[in-house]
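Here is the structure we will look at.
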Amino acid sequence: HVRSRRQRQMCIRDRLKTALVCVFSFSIAMHVFANNSFSEKEEAIINPLINALRSTNHPVSNKVAETLLSLKNTDSSYDLHLRNADLTYNQITLIAEAIKTVHENGGPSLQSFSMSYNSSVGDEGVLILVKNLPHTITEIGLVQSGIGDKGAEALIRWATHAKQLRWLCVEENIFSNNIKDRLRTFGQERSDLLVIF
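The sequence shown begins at 10 in our numbering and counts up one residue at a time.
Laid out in structure tokens, this is it:
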């Protein structure tokens, strides 16, 4: 009887250990699954922009795409600098629409944005950008981008509602004296915004 009692106690202990191991293993599995699911979700949100950048087949855009791939789940914002990327109008459109998609899907917020030294931006490129860029942006660089008065007017209208914008750099573009005065006045009206033209 003593032996059988000990055996029963050992059997109960073994069952308890097995149950605890199962519960512990299940908890770990669920934790890993949850993390993987979160990673895939985050990756899926940023993917349209990564794909748009890669589709340009340009070293600058490809490098930026690789940087975006390294974003961590905890990153709440990102920068997008595409200087000297030799972008065409169609590529600018694709990238701009991808930025909007990421924003609307609850992805990280775009902070610093630059398409400086892409001469194909022009007025039409600016019109596409202002339709798609989120108001989370703090800096915009469009230096030497073939922009004229029409594009500058569109930027001013967009920037009026972009309350987080702190830098607007649009030097070396094709502005009339009238638009330069408009940019100067706009910068003076917004004490928290530096406009460089």
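Here a beta-carbon is modelled for each residue, glycine too, at the ideal position from N, C-alpha and C. All figures in this text were calculated on a predicted structure; none of them were measured in a lab.
Helix, strand or coil for residue i? Go by DSSP, reduced to three states.
i           : result
residue 90  : strand
residue 122 : strand
residue 55  : helix
residue 190 : helix
residue 42  : Low local confidence applies: a pLDDT of 38 at residue 42 is under 50, so the model's placement there is unreliable, with the coordinate-based value given in what follows. Helix, per DSSP.
residue 163 : helix
residue 72  : helix
residue 195 : helix
residue 107 : helix
residue 101 : helix
residue 83  : coil
residue 185 : coil
residue 112 : helix
residue 67  : coil
residue 60  : helix
residue 134 : helix
residue 141 : helix
Between residue i and residue j, is the Cβ-Cβ spacing less than 7 Å?
i           : j           : result
residue 128 : residue 150 : no
residue 62  : residue 73  : yes
residue 112 : residue 95  : no
residue 139 : residue 167 : yes
residue 161 : residue 195 : no
residue 77  : residue 59  : yes
residue 1   : residue 105 : Because residue 1 is not part of the residues shown, which for the chain are 10 to 206, the question remains open.
residue 55  : residue 116 : yes
residue 118 : residue 145 : yes
Who are residue i's beta bridge partners in DSSP?
i           : result
residue 204 : 177
residue 148 : 121 and 176
Thinking C-alpha only, which one of the options is nearest residue i?
i           : options               : result
residue 120 : 166, 199, 171 and 189 : 171
residue 87  : 143, 64, 199 and 126  : 143
residue 181 : 91, 126, 187 and 76   : 126
residue 174 : 158, 187 and 199      : 199
residue 169 : 92, 55 and 201        : 201
residue 109 : 97, 93 and 137        : 137
residue 152 : 158, 89, 177 and 146  : 177
residue 97  : 114, 155, 89 and 53   : 155
residue 93  : 191, 163, 206 and 65  : 65
residue 103 : 90, 89 and 57         : 57
residue 186 : 114, 158, 179 and 53  : 158
Pairing CB atoms from the region 126–146 with CB atoms from the region 75–85, are three or more of them under 8 Å?
no
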